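Undergrad: Handing you a structure now.
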Amino acid sequence: MSRFQVYSGSAPERFIAQLNQEKNWQLLNHQSTVFAFMPDSRCDIGEQSTLFASPDGRCVGVFSGKLFDFDKLTQCFNHDLTKAQKLAVLLQQLHAKHRTSFPLQLQGFFAIVMLIDGQLLAVRDAIGERPVYILQTPTSIVIADRLAALMAHPECSRVINPAGVSDFLSTGFSPFARTPVQGISKLFAGVTATISLSSIESFHYHELRDQNETIAELQCIEQVRASLELAVVNRFEANTKTGLLLSGGLDSSLVGALIGGHSLTAAYSLNFGSEYRNELEFSGLMAKHLNIPARVITVTSSMIKAKFLQTATILDEPIGDPLTVPNIIVVEEAAKEVQLVFNGEGGDPVFGGPKNLPIMAYEAYGVGMQEFSREDMYLRAYNKGHEHLPYLLSKDFQQQLKNYSSSAELLAPFLNDTSFSSYLHRLMHINLRLKGAAQILPKVLKASAAAGIAVRSPLFDRQLAELAFSLPPAMKLKGSIEKYVLKQAVSDIVPASIISRPKSGMLVPVHYWFNKELRTFAKEVLLHSNAKIRKLIEPKALQDLINFKGSGIKPYYGDRLWLLLSLELWMQAHNISDGL
Numbered sequence: 003m004s005r006f007q008v009y010s011g012s013a014p015e016r017f018i019a020q021l022n023q024e025k026n027w028q029l030l031n032h033q034s035t036v037f038a039f040m041p042d043s044r045c046d047i048g049e050q051s052t053l054f055a056s057p058d059g060r061c062v063g064v065f066s067g068k069l070f071d072f073d074k075l076t077q078c079f080n081h082d083l084t085k086a087q088k089l090a091v092l093l094q095q096l097h098a099k100h101r102t103s104f105p106l107q108l109q110g111f112f113a114i115v116m117l118i119d120g121q122l123l124a125v126r127d128a129i130g131e132r133p134v135y136i137l138q139t140p141t142s143i144v145i146a147d148r149l150a151a152l153m154a155h156p157e158c159s160r161v162i163n164p165a166g167v168s169d170f171l172s173t174g175f176s177p178f179a180r181t182p183v184q185g186i187s188k189l190f191a192g193v194t195a196t197i198s199l200s201s202i203e204s205f206h207y208h209e210l211r212d213q214n215e216t217i218a219e220l221q222c223i224e225q226v227r228a229s230l231e232l233a234v235v236n237r238f239e240a241n242t243k244t245g246l247l248l249s250g251g252l253d254s255s256l257v258g259a260l261i262g263g264h265s266l267t268a269a270y271s272l273n274f275g276s277e278y279r280n281e282l283e284f285s286g287l288m289a290k291h292l293n294i295p296a297r298v299i300t301v302t303s304s305m306i307k308a309k310f311l312q313t314a315t316i317l318d319e320p321i322g323d324p325l326t327v328p329n330i331i332v333v334e335e336a337a338k339e340v341q342l343v344f345n346g347e348g349g350d351p352v353f354g355g356p357k358n359l360p361i362m363a364y365e366a367y368g369v370g371m372q373e374f375s376r377e378d379m380y381l382r383a384y385n386k387g388h389e390h391l392p393y394l395l396s397k398d399f400q401q402q403l404k405n406y407s408s409s410a411e412l413l414a415p416f417l418n419d420t421s422f423s424s425y426l427h428r429l430m431h432i433n434l435r436l437k438g439a440a441q442i443l444p445k446v447l448k449a450s451a452a453a454g455i456a457v458r459s460p461l462f463d464r465q466l467a468e469l470a471f472s473l474p475p476a477m478k479l480k481g482s483i484e485k486y487v488l489k490q491a492v493s494d495i496v497p498a499s500i501i502s503r504p505k506s507g508m509l510v511p512v513h514y515w516f517n518k519e520l521r522t523f524a525k526e527v528l529l530h531s532n533a534k535i536r537k538l539i540e541p542k543a544l545q546d547l548i549n550f551k552g553s554g555i556k557p558y559y560g561d562r563l564w565l566l567l568s569l570e571l572w573m574q575a576h577n578i579s580d581g582l
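Counting in my numbering, the sequence shown runs from 3 upward without gaps.
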């Protein structure tokens, strides 16, 4: 369910009539623009999410999210103003002074759509904690925080964007402004978009840049610790039952340590059965360290099968990460006990985690591998489908793709951005701007909202990210020690065995499941005569993949099957056609 929708066009009455078929929408009409907001006290904990209008009527809109310094910014305002009016006046004043750069003055996580002096603006916060999608039709613009809301609009074609689907099959998500649906785009993080029926002009108000100054190691560590503490404090809500999604790795453990066990109700960890590798030794150790209950949620292949289609509906944008379904399950379990969950998402993108190492090794030592470009190496590192597309995709689909820029072409400006002094910082920038803002943050938001609880990702913090980029690369990768400064900053509050352990990641046993108990499920869905992807994928390549034959590394066959199932079930859930 979307939290806000905005319509600007020739038939606002039809849009209002459509919304009136659903309950609880709050509406604000201004000229030919309609702002709609769906309040949800379960998910709005500590936020300022609301419709707003300034007393003079020149600034109206919808705000979703939280401003950490809202009270300070509005302390001198007329006390007779409501909170929504104060918000409107604040945005109006900041826009008058800073124009499209005004969101730089705001600290928090948010999406804003507002009409100010006749100009329609859409804003996404600097790191991208709240998504913004835009549907363009010949007669209207529709903006929402959920792709599903726009796909359900009568004027949406519900036909795939071939390039968006290709992006997904290369990476497992949609990293760029284009989405897998024709006519729908999304805002990058840190963007103010000026929108009209004829155009969308995006202004990047927030840029991450590194520095060449020498900073003493102790000073780096102290600054990171202070920034971590502030990021948690800003997101913590008093008098709220709070849980921790605990993997047993460094990032979720340090978030729990910064919150403190006295403020946590329980920790929630995943397990896939005793026959598969798990992280319970370390998540249990951290829960014991915090003196909180350790809730272990065991996810089985039968649960995956039963929950896959619902997950595709909830996430509303296809995500090929095998953790999606388990994420939905664990958050639903947490929602039975708590109102708010913290996670450790963001530590790798912000502090240069280990997924960068193979790409950096190629950059430094890739002699004899010049047949692969930087872009190819980066896309291959996802271990999804990039290098397999030439024989995985049907000839008709490949012909369609010739009309679009490739994923590699859109990626190139990021990988060749010379404004960053180190290649590590370029990779961090990509991982933060693309994967973080396009996959991780929307995923955790939509999963928690569907379960009816709020979520906080304190490591995806603007000030923390700005600080991380300002530090020397050696503070992130010191020799072979990854996230060095982050580990040093929390060495006094996280057990040494967790800090020193190598990065593992939560490995969902999809390779084993699709080779055994889920193979029939994959066949029934993907080889069905009415399968949505049947014209997109070469039948023999698909059959070989299901039978664990063909090219590529065998352990990743399961990941590619998960990828195709995610696409198929997403198209089914939202009635999307292939356009062929």
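Cβ atoms here follow ideal geometry from the backbone N, Cα and C, with glycine treated the same way.
Every value quoted in this text rests on a predicted model; they were computed, and no experiment measured them.
Answer yes or no: do Ala575 and Ile548 have a C-beta to C-beta separation smaller than 8 angstroms?
TA: For the purposes of this step, residue 575 is taken as residue 573 along the sequence shown, with counting starting at 1. For the purposes of this step, residue 548 is taken as residue 546 along the sequence shown, with counting starting at 1. Against a cut-off of 8 angstroms, the Cβ pair of Ile548 and Ala575 comes out as no contact.
Undergrad: Based on Cα-Cα distance, which residue from Phe516, Leu436 and Gly120 lies nearest to Arg60?
TA: In the sequence shown, the residue the question calls residue 60 occupies position 58. Of Phe516, Leu436 and Gly120, the residue nearest in Cα terms is Gly120.
Undergrad: Is it true that the CB of Val167 sits closer than 8 angstroms to the CB of Pro182?
TA: Taking the sequence shown and counting its residues from 1, one reaches residue 182 at position 180. Taking the sequence shown and counting its residues from 1, one reaches residue 167 at position 165. It is a contact, given that the beta carbons lie within the stated cut-off.
Undergrad: Which first and last residues belong to the beta strand (DSSP E) in which Glu203 is found?
TA: Taking the first residue of the sequence shown as 1, we reach residue 203 at position 201. Run containing Glu203: Ile202 to His206, per the beta strand (DSSP E) assignment.
Undergrad: Hey, how far is the Cα of His97 from the Cα of Arg180?
TA: On the sequence shown, residue 97 is found 95 positions in, with the first residue counted as 1. On the sequence shown, residue 180 is found 178 positions in, with the first residue counted as 1. Rounded to whole angstroms, His97 to Arg180 spans 28 angstroms at the Cα level.
Undergrad: Thinking Pro351 and Lys437 are a contact (beta carbons under 8 angstroms), I'd like their distance in whole angstroms, please.
TA: Taking the sequence shown and counting its residues from 1, the one referred to as residue 351 is at position 349. Taking the sequence shown and counting its residues from 1, the one referred to as residue 437 is at position 435. Yes, they are in contact, since the Cβ atoms of Pro351 and Lys437 sit about 6 angstroms apart, within 8 angstroms.
Undergrad: Anyone know if the C-beta pair for Lys309 and Val327 falls short of 8 angstroms?
TA: As a first step, residue 309 must be located in the sequence shown, where it is residue number 307. As a first step, residue 327 must be located in the sequence shown, where it is residue number 325. Yes, they are a contact pair.
Undergrad: Lys404 to Asn80, Cα distance in whole Å?
TA: The sequence position of residue 404 within the sequence shown is 402, counting from 1. The sequence position of residue 80 within the sequence shown is 78, counting from 1. Rounded to the nearest angstrom, the two C-alpha atoms are 58 angstroms apart.
Undergrad: Taking the alpha carbon of Val487 as the reference point, which residue from Glu570, Met362, Glu219 and Ala296 has its own alpha carbon closest?
TA: Against the sequence shown, residue 487 aligns to sequence position 485. That would be Glu219, whose Cα lies nearest to the Cα of Val487.
Undergrad: Quick one: grab the DSSP three-state call for Ile321.
TA: Residue mapping note: residue 321 aligns to position 319 of the sequence shown, counting from 1. Coil, per DSSP.
Undergrad: Bridge partners for Cys61 per DSSP, in chain order?
TA: As a working mapping, residue 61 is identified with position 59 in the sequence shown. Bridge partners of Cys61: Ile118.
Undergrad: Cutting at 6 angstroms between CB atoms, please list the residues of its own chain near Leu2, excluding the five before and the five after it.
TA: The structure shown has nothing for residue 2, since the chain only spans 3 to 582.
Undergrad: Over what stretch of residues does the alpha helix (DSSP H) that includes Leu2 continue unbroken?
TA: An answer regarding residue 2 cannot be provided, because it is not within the stretch 3 to 582 covered by the chain.
Undergrad: Mind the definition here: the stretch 124–131 touches the stretch 448–465 only if three or more C-beta pairs lie below 8 angstroms; say whether that holds.
TA: The answer is yes - the stretch 448–465 touches the stretch 124–131, with three or more Cβ pairs under 8 angstroms.
Undergrad: To the nearest angstrom, report how far apart Ala363 and Leu413 are at their CA atoms.
TA: As a working note, residue 363 is residue 361 in the sequence shown. As a working note, residue 413 is residue 411 in the sequence shown. Whole-angstrom Cα-Cα distance: 19 angstroms.
Undergrad: Assign Arg562 to buried or exposed, taking buried as 16 or more other Cβ atoms, counted over all protein chains shown, within 10 Å of its Cβ.
TA: For this step, residue 562 is matched to residue 560 along the sequence shown. Answer is buried; the Cβ neighbour count reaches 16.
Undergrad: Just confirm the distance between the C-beta atoms of Lys445 and Leu317, as a whole number of angstroms; I'd bet it's less than 8 angstroms.
TA: What you label residue 445 is simply residue 443 of the sequence shown in a count that begins at 1. What you label residue 317 is simply residue 315 of the sequence shown in a count that begins at 1. Right, the Cβ-Cβ distance comes to about 6 angstroms (below 8 angstroms), so this counts as a contact.
Undergrad: By Cβ distance below 6 angstroms, which residues in the same chain neighbour Ser271 in space, the five residues on each side in sequence not counted?
TA: The residue given as residue 271 occupies position 269 in the sequence shown. Within the same chain, Ser271 has close Cβ partners Leu248, Ser285 and Val298.
Undergrad: If we require 4 or more residues per run, which alpha helix (DSSP H) segments fall completely within the stretch 123–210?
TA: The stretch 123–210 contains these whole alpha helix (DSSP H) runs: 149–153 and 164–173.
Undergrad: According to the neighbour-count rule (16 or more other Cβ atoms, all chains shown, within 10 Å of its Cβ), is Gly251 buried or exposed?
TA: For the purposes of this step, residue 251 is identified with residue 249 of the sequence shown, where counting begins at 1. Burial call: buried.
Undergrad: Pro41 and Asn26 - do their beta-carbons sit closer together than 8 angstroms?
TA: Mapped onto the sequence shown, residue 26 falls at position 24. Mapped onto the sequence shown, residue 41 falls at position 39. Their beta carbons are under 8 angstroms apart, which means Asn26 touches Pro41 by this criterion.
Undergrad: Taking the C-alpha atoms as reference points, what is the distance between Leu202 and Met573?
TA: What you label residue 202 is simply residue 200 of the sequence shown in a count that begins at 1. What you label residue 573 is simply residue 571 of the sequence shown in a count that begins at 1. Per the sequence shown, the amino acid found at residue 202 is Ile instead of Leu. Straight-line Cα distance between these residues: approximately 27 angstroms.
Undergrad: Taking all protein chains shown into account, decide if Asp147 is buried (16 or more other Cβ within 10 angstroms of its Cβ) or exposed.
TA: Start at 1 with the first residue of the sequence shown, and residue 147 comes out as number 145. Result: buried.
Undergrad: Specify whether the stretch 226–240 and the stretch 155–167 touch according to this definition: at least 3 beta carbon pairs, one from each stretch, less than 8 angstroms apart.
TA: Verdict: no, contact absent.
Undergrad: Name the residue from Ile136, Glu157 and Pro156 whose alpha carbon lies nearest to the alpha carbon of Leu149.
TA: Position 147 of the sequence shown, counted from the first residue, corresponds to residue 149. For the residues Ile136, Glu157 and Pro156, the minimum Cα distance to Leu149 belongs to Ile136.
Undergrad: Give me the residue from Ile578, Trp515 and Glu526 with the minimum Cα distance to Leu538.
TA: On the sequence shown, position 536 is the one that residue 538 refers to. The shortest Cα separation from Leu538 among Ile578, Trp515 and Glu526 belongs to Ile578.
Undergrad: Rounded to whole angstroms, what is the Cα-Cα separation between His208 and Gly263?
TA: Numbered from its first residue, the sequence shown carries residue 208 at position 206. Numbered from its first residue, the sequence shown carries residue 263 at position 261. Cα to Cα, His208 sits roughly 35 angstroms from Gly263.
Undergrad: Quick check on DSSP: helix, strand or coil for His32?
TA: Indexing the sequence shown from 1 puts residue 32 at position 30. In the structure shown, His32 sits in a strand (DSSP, three-state: E or B).
Undergrad: Can you give me the Cβ contacts of Gly581 inside the same chain, cut-off strictly under 8 angstroms, excluding the 5 residues immediately before and after it?
TA: The residue labelled residue 581 in the question sits at position 579 within the sequence shown. If we look at Gly581 and ignore the five residues flanking it on each side, its Cβ neighbours are Val161, Ile162, Pro164, Gln184 and Gln402.
Undergrad: Skipping 5 residues on each side, what residues in its chain have a beta carbon closer than 7 angstroms to that of Gly370?
TA: Walking along the sequence shown from the start, residue 370 turns up at place 368. Confidence at Gly370 is low in this model, with a pLDDT of 49, below 50, so its placement is unreliable and the value that follows should be read with caution. No residues qualify anywhere along the chain.
Undergrad: Work out the CA separation of Gly348 and Lys491 for me, nearest whole Å.
TA: Within the sequence shown, residue 491 is the residue found at index 489, counting from 1. Within the sequence shown, residue 348 is the residue found at index 346, counting from 1. Here residue 491 is Ala; the residue named in the question, Lys, does not match the sequence. So the two alpha carbons sit approximately 16 angstroms from each other.
Undergrad: Restricting to Cα atoms, I'd like to know which of Ala13, Asp58, Ser254 and Asp73 is closest to Glu49.
TA: Looking up residue 49 in the sequence shown gives position 47. Considering only alpha carbons, the answer is Asp73.
Undergrad: If I measure Cβ to Cβ from Arg382 and keep anything under 7 angstroms in the same chain, skipping five residues before and after, which residues do I get?
TA: The count along the sequence shown starts at 1 and reaches residue 382 at position 380. Contacts found: His388 and Glu389.
Undergrad: In the DSSP output, which residue or residues are listed as bridge partners for Gln7?
TA: Locating residue 7 in the sequence shown gives position 5, where the first residue counts as 1. Bridge partners of Gln7: Ala38 and Ala146.
Undergrad: Quick one: what's got a C-beta closer than 7 angstroms to Asn532's C-beta in the same chain, skipping five residues either side?
TA: In the sequence shown, residue 532 corresponds to position 530, counting from 1. Answer for Asn532: no residue qualifies.
Undergrad: According to DSSP, what are the bridge partners of Ala414?
TA: Counting from 1 along the sequence shown, the entry for residue 414 is found at position 412. Bridge partners of Ala414: none, in fact.
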